[in-house]
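One structure is given below, encoded as structure tokens.
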Amino acid sequence: MSALNKIGLDTQKSEELSELLSDLLSNYTIFYQNVRGYHWNVKGEKFFELHLKFEELYNNLFLKIDEIAERILTLGYAPNHKSSDYLKTSSIKETDEVNDGFKAVGNILNSLQELLVKQRVILDLSSEINDEGTNSMMSDYIREQEKLVWMYSAFLNK
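Here the sequence shown stands for residues 1 to 158, where the numbers follow full-length UniProt numbering.
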């Protein structure tokens with residue numbers, strides 16, 4: 001029988017899961033900052049609508065960043081907090097395209113797709129090791145973000 005951590009999960013698999021969550025944390029953090037940039041700098045057509053939607057989104061991302069970091073701690077590991085590391089490891093990259101609302105929405109859709117792929121990998125592993133806490137969190141994020149993809153796509157008429 002393998003060693004179990006404090007919450008009764010396989011220690012080795014929990015470490016693997018923690019590493020995946022750390023990568024997710026990096027991506028959420030860069031995505032969050034991009035969305036803050038969209039909110040602050042958007043101009044032109046649909047300004048009022050997008051300014052509010054971007055604020056709603058970055059507030060939601062901020063909460064998820066905290067939840068992901070706390071889940072890493074719950075698994076028995078320390079979440080990374082360094083922006084320099086996030087920039088190195090995140091597949092979501094910083095953007096300079098912050099003024100054009102339609103480009104911003106396109107970038108948001110690309111970032112959501114990236115997160116959804118990563119979260120499904122985490123969902124599979126958390127399911128495999130019976131980690132209901134992480135599994136439930138990922139299921140909630142996926143369901144919510146799939147709806148956002150539909151809504152943002154509808155906005156762009158795609």
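All C-beta atoms in this analysis are idealised placements derived from N, C-alpha and C, irrespective of residue type, glycine included.
Return the first residue and the last residue of the alpha helix (DSSP H) that residue i is part of.
i: S91; result: Where S91 is concerned, there is no enclosing alpha helix (DSSP H), given that its DSSP letter is neither H nor E.
i: A3; result: Per DSSP, A3 belongs to no alpha helix (DSSP H) and is neither H nor E.
i: G133; result: E132 to F155
Within this structure, are the beta carbons of residue i and residue j separated by less than 9 angstroms?
i: V35; j: L57; result: yes
i: I122; j: L24; result: yes
i: V98; j: N41; result: yes
i: S38; j: I65; result: Correcting the residue type first, residue 38 is Tyr in the shown sequence and not Ser. In this structure, I65 does not lie closer than 9 angstroms to Y38 by Cβ.
i: residue 159; j: Q12; result: Past the boundaries of the shown model lies residue 159; the chain is included only from 1 to 158, so the question cannot be answered.
i: E114; j: I92; result: yes
Could you check if residue i belongs to the surroundings of the ligand ZN, using beta carbon to heavy atom distance under 8 angstroms?
i: E45; result: As for the ligand ZN, it is missing from this structure, which has no ligand bound.
At the level of alpha carbons, what is the spacing between residue i and residue j?
i: L17; j: Y152; result: 30 angstroms
i: N107; j: A3; result: 42 angstroms
i: D100; j: T74; result: 40 angstroms
i: L148; j: G133; result: 23 angstroms
i: N157; j: E49; result: 16 angstroms
i: N80; j: Y141; result: 21 angstroms
i: K6; j: S111; result: 34 angstroms
i: E15; j: D131; result: 12 angstroms
i: S84; j: K46; result: 34 angstroms
i: R120; j: K82; result: 25 angstroms
i: S127; j: H51; result: 37 angstroms
i: S136; j: Q145; result: 14 angstroms
i: L63; j: L109; result: 19 angstroms
i: R71; j: S26; result: 14 angstroms
i: Y77; j: S139; result: 22 angstroms
i: L125; j: E19; result: 12 angstroms
i: K88; j: E55; result: 26 angstroms
Determine which residues share a DSSP beta bridge with residue i and list them.
i: D10; result: L4
Using a Cβ cut-off of 9 angstroms (strictly closer), state whether residue i contacts chain D.
i: N157; result: Absent from the structure is chain D; it holds one protein chain and no more.
For this session: Ignoring anything shorter than 4 residues or poking outside the stretch 12-100, list the alpha helix (DSSP H) runs there in chain order.
Result: 47-74 and 83-89
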